[in-house]
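When we follow our numbering, the leftmost residue of the sequence shown carries the number 3, and every step to the right adds one.
By construction, the Cβ of each residue, glycine as well, lies at the ideal position given by its N, Cα and C atoms.
Heads up: the structure comes next, in structure tokens.
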Amino acid sequence: MTLHQPEPPSEEALTRWLQKHVDLLAAERKEEQDQSRLLLSKCSPKQLERNGLAVLGLGALNVSIGLGGKILAELERPAAYHTSPIIPPHTLRPGDIVQLEDHATDPTKPLKTKASGSSDAYRPAPGVVFKVSDSKLVIALGANNKKKPDGSGSEAPELPHRIRVVKVANEATFDRMEATLARLAKQLGLTIKTSRSKPGDGSSSESEVEGQGDGEGQGSKGSSPSSNLIRALVAQTPPTWAKDVTMPLPLFNTGLNESQQRAITFALASNHFALIHGPPGTGKTTAVAELVLQLALGQEKRVLVCGASNLAADNVMERIIERGGDALRAKGLGITRIGHPARVLQSLVTSTLDYQSQNSSEGSLLKDVREELQASMKVLRPDRDAPAAGNKSTSYRGQASSRAGGKGRMSGSERRQRWDEVRALRKEYRKRERGLTKAVISRASIVVATCHGAGGRQLNNVEFDAVIIDEACQATEAACWIPIMRARAEGKVILAGDHLQLPPTVKGYRHSQDKRKSAKPNKSKKQEANADEAASRLSNISLNGDGDAQDNEEDEGEGGSFEASKAKGRDKQRVVLRPPRSLETTLFSRLLGLYGPGCKNLLDVQYRMNQEIMTFPNEALYESQLKAHESNCSIRLFDLDNYELARPETEEEEKDDVRLAPIVFIDTAGSDMFETSASASDDVDSIVGRESKTNVHEVELVHAHVETLLQAGLRPSQIGVLSPYSAQVSLLADRLSGFRDAASGERVEIGTVDGMQGRENEAIVISLVRSNEEGNVGFLAEKRRLNVAMTRPKRQLCVIGDSTTCRDSGDEYLGKWMDHLEENALVDLALLRNQ
Numbered sequence: 003m004t005l006h007q008p009e010p011p012s013e014e015a016l017t018r019w020l021q022k023h024v025d026l027l028a029a030e031r032k033e034e035q036d037q038s039r040l041l042l043s044k045c046s047p048k049q050l051e052r053n054g055l056a057v058l059g060l061g062a063l064n065v066s067i068g069l070g071g072k073i074l075a076e077l078e079r080p081a082a083y084h085t086s087p088i089i090p091p092h093t094l095r096p097g098d099i100v101q102l103e104d105h106a107t108d109p110t111k112p113l114k115t116k117a118s119g120s121s122d123a124y125r126p127a128p129g130v131v132f133k134v135s136d137s138k139l140v141i142a143l144g145a146n147n148k149k150k151p152d153g154s155g156s157e158a159p160e161l162p163h164r165i166r167v168v169k170v171a172n173e174a175t176f177d178r179m180e181a182t183l184a185r186l187a188k189q190l191g192l193t194i195k196t197s198r199s200k201p202g203d204g205s206s207s208e209s210e211v212e213g214q215g216d217g218e219g220q221g222s223k224g225s226s227p228s229s230n231l232i233r234a235l236v237a238q239t240p241p242t243w244a245k246d247v248t249m250p251l252p253l254f255n256t257g258l259n260e261s262q263q264r265a266i267t268f269a270l271a272s273n274h275f276a277l278i279h280g281p282p283g284t285g286k287t288t289a290v291a292e293l294v295l296q297l298a299l300g301q302e303k304r305v306l307v308c309g310a311s312n313l314a315a316d317n318v319m320e321r322i323i324e325r326g327g328d329a330l331r332a333k334g335l336g337i338t339r340i341g342h343p344a345r346v347l348q349s350l351v352t353s354t355l356d357y358q359s360q361n362s363s364e365g366s367l368l369k370d371v372r373e374e375l376q377a378s379m380k381v382l383r384p385d386r387d388a389p390a391a392g393n394k395s396t397s398y399r400g401q402a403s404s405r406a407g408g409k410g411r412m413s414g415s416e417r418r419q420r421w422d423e424v425r426a427l428r429k430e431y432r433k434r435e436r437g438l439t440k441a442v443i444s445r446a447s448i449v450v451a452t453c454h455g456a457g458g459r460q461l462n463n464v465e466f467d468a469v470i471i472d473e474a475c476q477a478t479e480a481a482c483w484i485p486i487m488r489a490r491a492e493g494k495v496i497l498a499g500d501h502l503q504l505p506p507t508v509k510g511y512r513h514s515q516d517k518r519k520s521a522k523p524n525k526s527k528k529q530e531a532n533a534d535e536a537a538s539r540l541s542n543i544s545l546n547g548d549g550d551a552q553d554n555e556e557d558e559g560e561g562g563s564f565e566a567s568k569a570k571g572r573d574k575q576r577v578v579l580r581p582p583r584s585l586e587t588t589l590f591s592r593l594l595g596l597y598g599p600g601c602k603n604l605l606d607v608q609y610r611m612n613q614e615i616m617t618f619p620n621e622a623l624y625e626s627q628l629k630a631h632e633s634n635c636s637i638r639l640f641d642l643d644n645y646e647l648a649r650p651e652t653e654e655e656e657k658d659d660v661r662l663a664p665i666v667f668i669d670t671a672g673s674d675m676f677e678t679s680a681s682a683s684d685d686v687d688s689i690v691g692r693e694s695k696t697n698v699h700e701v702e703l704v705h706a707h708v709e710t711l712l713q714a715g716l717r718p719s720q721i722g723v724l725s726p727y728s729a730q731v732s733l734l735a736d737r738l739s740g741f742r743d744a745a746s747g748e749r750v751e752i753g754t755v756d757g758m759q760g761r762e763n764e765a766i767v768i769s770l771v772r773s774n775e776e777g778n779v780g781f782l783a784e785k786r787r788l789n790v791a792m793t794r795p796k797r798q799l800c801v802i803g804d805s806t807t808c809r810d811s812g813d814e815y816l817g818k819w820m821d822h823l824e825e826n827a828l829v830d831l832a833l834l835r836n837q
């Protein structure tokens, strides 16, 4: 494959490129701050709870010490205030940042309660969601009070009697990304302006370069200035590959196909970086796990493995342990997961740094301190059996009555003394834990973390031979640089992802449309409206990186097909590094745009969907290079063991039955099933500026089709329902709530297209929502969003939408999809259903 030779950037061009990243991060941070502030100040707690952003009226059942000396508050719905212990539906998940507030306070005013150990008023207590169940939330508490002159302060808040848990934005990620870019600028010898630049000179301060903003300095040597790795990543020097590289060890996973094996040897041969392009269902994470084992066991390299999210990191770690856990143990090589235990899958908790430190041979050093901590916390723990309804002076549930030993309520001075003891013990605990952390990390040949987590102080002064980032197209470039700065000077970086699926979520996109409008003077207002509403504007991306992903001006507004780009006859030597238009421009897509197909290897066998479902995305986006594996090429719903209807006797019978056909299109054209706007003046969607659409008619059509599948024998958990709009998802969740397996409790999985990226199901129903006379399709104009939606099912894809609206939009990709559905799907006209 051809490797393009981009023009090396000048120092000025590099500075503009890096400064634009910093500016975009600042704009994104401000957008998140503004949205969070608006939500907390303008929305009532009830509105937040209705939208899944808060849980109200909780009480503290227990407070204890968890892994890493973390204070855990176990919250429940007290029977004194609620008829059911079941917590209402919400979006809180382990790892989410929250704040704990007094349920009785006005959220728009400061909290007016005393902090333990201090007479000062304190802000709502910050925390991290640790565990979630139907009836309980466990929150890892953080410090929330103002520090005293000596630098001390309360380590944990005194919880209100009734508690409100609210989901909030996390700014630590922005601090770490900005600090990482500042370190990169320093290594490149550049001067950029950041939020912590020294006043007056515009340069980056030393604290900014070495610090992380959230108190966790990166502090590692990272790549040396002008290292070959960094130079290749910023287009100063081209990447190279060694010749005649073979797999150092026999495959740990003997089921890998040829393209997966080629991708692994391609990555092993890279001297600087390599891209592994994994379209939906092609076993990208499986290939990454094998690559990690070959590097660690075969080449004896130290590997840092990162995911764009905690789930991505956990998925690859599970595969590594599944295939190579025994081999790693036999060689005495460790694998360690960096990150808050709340953010890690329960099955991997024993692999976390906290757990390994506590249970290592040196871990007994922590035992005595931990026991003292537990004893001190037991005295402060609320009496779970003592009701305190109506007692306004109560902090914990039951603190107003009696504590252990039948004594009265602990006095303020006594409580301050006890919290001082807890604080001192936790300080000693963390001091000893840091020593254990170094010992555990030193034994780990494989370290797994999120991109953000790789910047923690646990890895200070630790360097890696290889940095591998899975789901790299779901992480911003700035986030990817955090683990990259952990690579040694002669190390390598491997990025795995698919730039033709959804990019990282960006809230603060403010790219001007002026340039695009001037480049396309004949563009209709309808097309402009569709393009403006699309969540990602970088839609003109080709399989081999010849479109907008590289941010070259000559490509703006051009078509996204590989053939179209080749037909332009563009001089590849003129490709240059340009400032990103948005944080949606990922490192993966930028490198692919700069260097072309020669820097990547495509995984071309997909193991998820049948041939019929795969055909359109394969032809439209992947140049027909994908092929369905024989194990799933011809799978159908009636192959499932629980399918209760008779198998079709002929192919025509299969194609004419909505319970059997691989693709179903319920077309609402001409039936007056128009969309409606769901936003209200005080709605959460309205406050954060999200466009919210619903289509109640499509909700009923979805309900009818899901009911048909269930009657055919499918279990609720085998069916997924998607829509581009959160308001439509809410309607669908209410309407389909009755479809639940009584024995197992399984439900139909319902979510937005964005939220379902990486998921799959036997049958998927998509509600497109948009139906209007103007041809406005909004999010549907984003081909990557459609690609995610149509590649989730294994055996049946059911699409419900208005073909006329889609065609009238003027979007070429959407029009081609309608043509494909009409030719290849079982088309069921909603108009005829109503007659």
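Ranked by Cα distance from serine 679, the first of Arg742, Leu589, Thr696 and Met792 is Thr696. Taking the CA atoms as reference points, leucine 143 sits about 18 Å from leucine 55.
About 4 Å separates the beta carbon of threonine 806 from that of alanine 671, a gap short enough to meet the 8 Å contact definition.
Around the C-beta of glutamate 324, fewer than 16 other C-beta atoms lie within 10 Å, and the residue is accordingly described as exposed. By the neighbour-count criterion, in which a residue is buried when 16 or more other Cβ atoms sit within 10 angstroms of its Cβ, glutamate 479 is buried.
In the DSSP annotation of this structure, the continuous segment of the alpha helix (DSSP H) that includes serine 732 starts and ends at 728-737. Residue pairing by DSSP puts isoleucine 665 in a beta bridge opposite Leu799. Counting along the chain, arginine 787 sits inside the alpha helix (DSSP H) bounded by residues 785-792. By the Cβ rule, the segment 605-620 counts as touching the segment 787-804, because three or more pairs are nearer than 8 Å. Classified as buried, alanine 481 has 16 or more neighbouring CB atoms from the shown chains inside 10 Å of its CB.
Relative to the Cα of arginine 18, the nearest Cα in the group Thr182, Gly191, Arg580 and Pro241 belongs to Arg580. Between the C-alpha atoms of valine 767 and alanine 832 there is a straight-line separation of about 15 Å. Judged by DSSP in its simplified three-state form, lysine 303 adopts coil rather than helix or strand. Here glycine 598 carries a helix assignment [DSSP, helix/strand/coil]. Rounded to whole angstroms, the gap between the alpha carbons of threonine 338 and alanine 332 is 16 Å. If you draw a straight line from the Cα of glycine 803 to the Cα of lysine 440, it is about 56 Å long. A Cβ-Cβ contact shorter than 8 Å links alanine 62 with alanine 75. When Cβ pairs closer than 8 Å are counted between the two stretches, the segment 770-788 is seen not to touch the segment 736-744, the count staying below three.
In the three-state reduction of the DSSP assignment, threonine 588 falls in the coil class, being assigned neither a helical nor a strand state. Excluding its 5 nearest sequence neighbours in each direction, alanine 468 has C-beta neighbours in its own chain below 8 Å: Leu297, Lys303, Arg304, Val305, Leu306, Ala489, Gly493, Lys494, Val495 and Ile496, listed in chain order.
For leucine 604, the three-state secondary structure derived from DSSP is strand. Annotation for glutamate 260: no residue places its beta carbon closer than 7 Å to its own, counting only its chain and skipping 5 residues before and after. Along the length of the segment 216-281, whole alpha helix (DSSP H) runs at least 4 residues long occupy 230-235 and 260-271, reported in chain order.
Under the three-state reduction of DSSP output, threonine 352 falls in the helix class. DSSP lists Ile752 and Val767 as the beta-bridge partner residues of valine 723.
In the structure shown, lysine 22 falls within a helical segment according to DSSP collapsed to helix, strand and coil.
The continuous alpha helix (DSSP H) containing glycine 326 extends over residues 312-332. The residues Pro282 and Pro619, in chain order, have a CB closer than 6 Å to that of threonine 793 in the same chain once the five nearest residues on each side in sequence are set aside. Rounded to the nearest angstrom, the Cβ distance from glutamate 764 to leucine 716 is 7 Å, consistent with a contact under 8 Å.
About 6 Å separates the beta carbons of histidine 6 and valine 577, which is inside the 8 Å limit, making them a contact pair. Under the three-pair Cβ rule at 8 Å, the segment 811-823 does not count as touching the segment 635-647. DSSP places glutamate 492 in no alpha helix (DSSP H) but in the uninterrupted beta strand (DSSP E) bounded by 489-499.
With contacts defined as CB atoms closer than 8 Å, histidine 274 and threonine 242 qualify as a contacting pair.
Contact check for valine 698 and leucine 642: beta-carbon distance about 31 Å, past the 8 Å limit, so the pair fails to qualify. When the alpha-carbon of alanine 714 is set against those of Glu654, Asn644, Lys138 and Gly760, the nearest one is in Asn644. Boundaries of the beta strand (DSSP E) harbouring isoleucine 99: 99-104, taken from the DSSP string.
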